[in-house]
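Participant:
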Amino acid sequence: MPRVRFAPSPTGYLHIGSARTFIFNWLYARKNNGTMILRLDDTDVERNTQVSIDSIFDGLHWLGLNWDEYYRQSERLALHKEMAYAIFAKGLAYRDFTPAHADEEEREGEAGPWLFNAGMRELSAEESDRRAAAGEPFVLRFRVPRGENRAVKFKDSVFGDQYKKADEIEDFALLRSNGMPTYHMASCADDVDLRIDHIIRGQDHLTNTFKHVLIFEALSETKPKFAHLPLLIAPDGAKLSKRKHGPVVSVTTYRDAGFLPQAYINFLCLLGWSPKNNREQMSIAELMEAFSFSGVNRSNAVVNFSDEDPIDPKAQWLNGQHLRSMPVNDLLPAVRAVLEAAGLSADEPSFAFVVDTIRARYTTLHDFATKGRPYFADDYPMEPAAAERLDEPQARELLRELGVRLQAQTEFTEASVEKTLRDLAAEAGVKPGILINGSRAALTGQAVGPSAFHVFTAIGRDRSIARLKMV
RNA sequence: GGCGCUAUCGUCUAGUGGUUAGGACGGGGCCCUCUCAAGGCCCAGGCAGGAGUUCAAUUCUCCUUAGCGCUACCA
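Put into structure tokens, the structure is as follows:
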């Protein structure tokens, strides 16, 4: 039973790249009957904000993906320190009393990697203990094995075998001089304690993994498997950042733009992963079934947006696909919500029929409240193109007459309306198109939309007649 | 600078030592049709560059280039 975790650091909003990482973890866990853990990596007290934590929860709740266990690193600091000192006790770490940033300038322009502060690594145990006891601040560093033949290796489920000479890895910090664990220490300590067995995260951690392997080996007999995901980048090749690219990087932007969560999840999955059978539109269940690391790509994926169109066209297309193909009843709550937010009401018995009639031409939920307004309210704009239809010769008087005739009939179906309309057109000697297109214009204020006869039944008998008479 | 990862249409991707290099979005066209969508069909568009191995390289190797990541007492 796999145990996986999503471990965001709450220093911003929920980034779409983070959301995708969550999704892949979730898919893997659910497919294999595993456990999904949400862990807030909030050890950086300076930069953590409640707003950010709220944003992460907001985004995750919207996506509708759940987790089974929840932890906050800030509540587990004692454990991290304990594990750091366990490493120290094994002789695999040492105290470095060098003041912070003391040799920053020396490091710059250095040909190779900085490995450690000379002298500190080989300080005698007695002197180290004495200085510590005297209250001198120190950072606890991992004692990376040295020597030509020493290497660290691991197998990545996406990137394959990874290998690095130990001499290329610096003696990284485990504990800061204020006693707080570093990211590497806290993350690995928690992964060990929570028995995470597959770490699925962004590729930006690929090279950090060598350090993590060292910590895992120092802490336990088993180490987790790793899967690194390609990054999501902007069209300019840079990584997505709020400051540079704006709201496109935030998950809530897509929620607010009227996306269906399952459609957005579908879109995110297709960035850097492929089911390899040309499938594009997939449900959550289908994604879960198809997910595997062998389908994960190794190169970064561009989220295709521009100033004119801030949302990836493929995401929009996919949303439209889900919108029109999902069971209509599953769609109704979301539509009802956007209508209510726009001050429109959706309580009619024909609601499902109306939604089903108009959804094929919409791409976001917002379209129901904007383009769909005439179906849910009596005050709606008359578009110029629609007005032109009404201005056709005889159009207005015939439409009013149509209203009269429909009122005289008790039957009101697509077929009955069509017959009445066509009979009237024939009598008047005009093309049926005049009345057909005119009806759509009269009933919706729009020149384009569903088949006119569908519009009649969607708008309903009384309102249709009233609108015809008003032209 | 050092180390690492990556490189197929504009974008997301499939794929192979011999393929007309496949699909999707977007773009163009046609069909359908009461309009607009949807749907169907068609078109344009790609293996970063250079060597090497081979009868044959987009595919394997090397180099170059480019992008990204790491190189913190950030995560």
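Going by our numbering, the first sequence opens with residue 2, and the numbers climb by one from there. Backbone N, C-alpha and C define an ideal beta-carbon position, used for all residues, glycine too.
Using a Cβ-Cβ cutoff of less than 6 angstroms, which residues in the same chain neighbour Lys154 once the five nearest sequence positions on both sides are dropped?
Facilitator: Excluding residues within five positions, the ones whose Cβ falls inside 6 angstroms are Tyr164.
Participant: Assuming Leu220 and Cys189 are in contact, meaning their beta carbons sit under 8 angstroms apart, how far apart are those beta carbons, in whole angstroms?
Facilitator: Correct: roughly 7 angstroms between the Cβ atoms.
Participant: Shortest alpha-carbon distance to Gly65 belongs to which of Thr183, Ile285 and Glu384?
Facilitator: The shortest C-alpha separation from Gly65 is found at Ile285.
Participant: Assuming contact is defined by CB atoms lying nearer than 9 angstroms, are Leu407 and Leu436 in contact in what I supplied?
Facilitator: Not a contact, by the Cβ cut-off of 9 angstroms.
Participant: Between Pro311, Leu444 and Leu333, which lies nearest to Tyr381 when the distance is taken from Cα to Cα?
Facilitator: Selected option, being the one with the closest Cα: Leu444.
Participant: Alpha carbon to alpha carbon, how far is Val52 from Gly13? Give it in angstroms, no decimals.
Facilitator: So the alpha carbons of these two residues sit roughly 8 angstroms apart.
Participant: Report all residues from its chain with a CB closer than 7 angstroms to the CB of Phe454; omit the five preceding and five following residues, and keep chain order.
Facilitator: Same-chain partners within the cutoff: Glu415, Val418 and Glu419.
Participant: Nearest by alpha-carbon distance to Gly161: which of Phe413, Gln204, Glu341 and Thr421 is it?
Facilitator: Residue Gln204 is the option with its Cα nearest to Gly161.
Participant: Count the CB pairs spanning the stretch 32-50 and the stretch 299-307 that are closer than 8 angstroms, and state whether there are at least three.
Facilitator: Counting Cβ pairs under 8 angstroms, fewer than three are found: no touch.
Participant: Would you report the Cα separation of Leu272 and Thr364, rounded to the nearest angstrom?
Facilitator: Their backbone Cα atoms lie some 20 angstroms apart in a straight line.
Participant: Relative to the C-alpha of His213, which residue among Asp172, Asp45 and Phe58 is closest?
Facilitator: Considering only alpha carbons, the answer is Asp172.
Participant: May I ask you to report which of helix, strand or coil DSSP gives Leu116?
Facilitator: Coil.
Participant: Starting from Ser251, follow its DSSP beta bridges and name the residues at the other end.
Facilitator: Answer is His16.
Participant: With a threshold of 7 angstroms on Cβ separation, who are the neighbours of Glu384 within its own chain once the five nearest residues in sequence on each side are excluded?
Facilitator: These residues qualify, in order along the chain: Gly446, Gln447 and Ala448.
Participant: Which term fits Ser326, buried or exposed, when burial requires 16 or more other beta carbons within 10 angstroms of its beta carbon?
Facilitator: So Ser326 ends up on the exposed side.
Participant: Here's the rule I'm using: 16 or more other beta-carbon atoms within 10 Å means buried, otherwise exposed. How should Gly1 be labelled?
Facilitator: Not covered by the structure: residue 1. The range shown for the chain is 2 to 472.
Participant: Tell me whether Gln263 is buried or exposed, calling it buried when 16 or more other Cβ atoms sit within 10 Å of its Cβ.
Facilitator: Buried, by the Cβ-count rule.
Participant: In terms of residue numbering, what span does the beta strand (DSSP E) encompassing Val431 cover?
Facilitator: Looking at the DSSP string, Val431 is not in any beta strand (DSSP E), and its letter there is neither H nor E.
Participant: Grab the span of the beta strand (DSSP E) containing Met37 for me, first residue to last.
Facilitator: From DSSP, the beta strand (DSSP E) with Met37 extends over Thr36 to Leu41.
Participant: Could you check how far apart the C-beta atoms of Ile200 and Pro231 are, in whole angstroms? I think they sit under 8 angstroms.
Facilitator: Not a contact, Cβ separation roughly 16 angstroms.
Participant: Nearest to Thr50 by alpha carbon, out of Ser75, Trp68 and Ala94?
Facilitator: Of the candidates Ser75, Trp68 and Ala94, the one whose C-alpha sits nearest the C-alpha of Thr50 is Ser75.
Participant: What's the call for Gly439, buried or exposed, on a 16-neighbour Cβ count within 10 Å?
Facilitator: When all chains shown are included, Gly439 counts as buried.
Participant: Since Glu70 is in the beta strand (DSSP E), which residue starts that stretch and which ends it?
Facilitator: That run of the beta strand (DSSP E) goes Glu70 to Arg73.
Participant: For Pro236, which of helix, strand or coil comes out of DSSP?
Facilitator: Three-state result, Pro236: coil.
Participant: Have a look at the DSSP bridge pairing and note the partners of Asp97.
Facilitator: Answer is Val140.
Participant: Counting Cβ pairs closer than 8 angstroms, one from the stretch 341-355 and one from the stretch 457-469, do we hit at least three?
Facilitator: Segments in contact, yes.
Participant: DSSP state of Ala427, grouped into three classes?
Facilitator: Residue state, collapsed to three classes: helix.
Participant: Do the CB positions of Phe25 and Ala228 come within less than 9 angstroms of each other?
Facilitator: It is a contact, given that the beta carbons lie within the stated cut-off.
Participant: Taking Cβ positions, are Asp198 and Arg77 nearer each other than 9 angstroms?
Facilitator: No, they are not a contact pair.
Participant: Put Arg177 into one of helix, strand or coil per three-state DSSP.
Facilitator: Three-state result, Arg177: coil.
Participant: Would you mind working out which of Leu261, Gly430, Glu341 and Ala291 sits nearest Leu28, comparing C-alpha positions?
Facilitator: Taking only the C-alpha atoms, the option nearest Leu28 is Ala291.
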